[in-house]
Amino acid sequence: MLRCEQNTIIFLINNDRYSIEVEIHDGHYNVEREEEMVEEIETATEVKKDCLCFIEIVVHKDDTSKELLEWGSRVSSANSRPPNPQ
1 MLRCEQNTII
11 FLINNDRYSI
21 EVEIHDGHYN
31 VEREEEMVEE
41 IETATEVKKD
51 CLCFIEIVVH
61 KDDTSKELLE
71 WGSRVSSANS
81 RPPNPQ
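Numbering (my numbering), first residue to last: 1 to 86.
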């Protein structure tokens, strides 16, 4: 993208602590403020409109599917078992 001089805006949607990580192993993660995200979007669409921009957007930590919660619980259980050599 840089080599081709693309002026792309890439958004990473982060549900406030990476739910999959929280479901497997909870720990401290950075939390961004909404005001910071608004500032970054304004910068990407105005001041840096001729640049490649990467913006991480943090949404509420509970903004996840029931299926992800169930899968995370199964992975967490599997991670706590001893290895199963085959």
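Ideal placement from N, C-alpha and C gives every residue a C-beta, glycine not left out.
Keep in mind the model is a prediction, meaning the values are calculated, not measured.
Checklist entry - Cα separation between residue 80 and residue 74? => result Translated into positions along the sequence shown, residue 80 becomes position 80. Translated into positions along the sequence shown, residue 74 becomes position 74. Looking at the two C-alpha atoms, the distance is approximately 10 Å.
Item to check | C-alpha gap between residue 28 and residue 2, whole angstroms | outcome: Along the sequence shown, read from residue 1 onward, the residue named residue 28 stands at position 28. Along the sequence shown, read from residue 1 onward, the residue named residue 2 stands at position 2. Residue placement at residue 28 is flagged as unreliable, the pLDDT there being 43, under the threshold of 50; the coordinate-derived value follows with that caveat. In a straight line, the C-alpha of residue 28 is about 33 Å away from that of residue 2.
Item to check | Endpoints, the alpha helix (DSSP H) within which residue 69 is located | outcome: To locate residue 69, count along the sequence shown from 1; it is residue 69. 66-79 is the span of the alpha helix (DSSP H), which, as asked, contains residue 69.
Checklist entry - Thinking just about the alpha-carbon of each residue, which of 52, 78 and 14 is nearest to the one in residue 59? => result In the sequence shown, residue 59 corresponds to position 59, counting from 1. Residue 14 is the option with its Cα nearest to residue 59.
Item to check | Euclidean distance between Cα positions of residue 78 and residue 12 | outcome: On the sequence shown, residue 78 is found 78 positions in, with the first residue counted as 1. On the sequence shown, residue 12 is found 12 positions in, with the first residue counted as 1. Spanning the two alpha carbons is a distance of roughly 28 Å.
Checklist entry - What residue does the alpha helix (DSSP H) around residue 40 start on, and which one ends it? => result As a working note, residue 40 is residue 40 in the sequence shown. Element bounds for residue 40: 34-45.
Checklist entry - So, is residue 40 buried or exposed, given that buried needs 16 or more other C-beta atoms within 10 angstroms? => result Here residue 40 refers to the residue found at position 40 of the sequence shown. Under this definition residue 40 is a buried residue.
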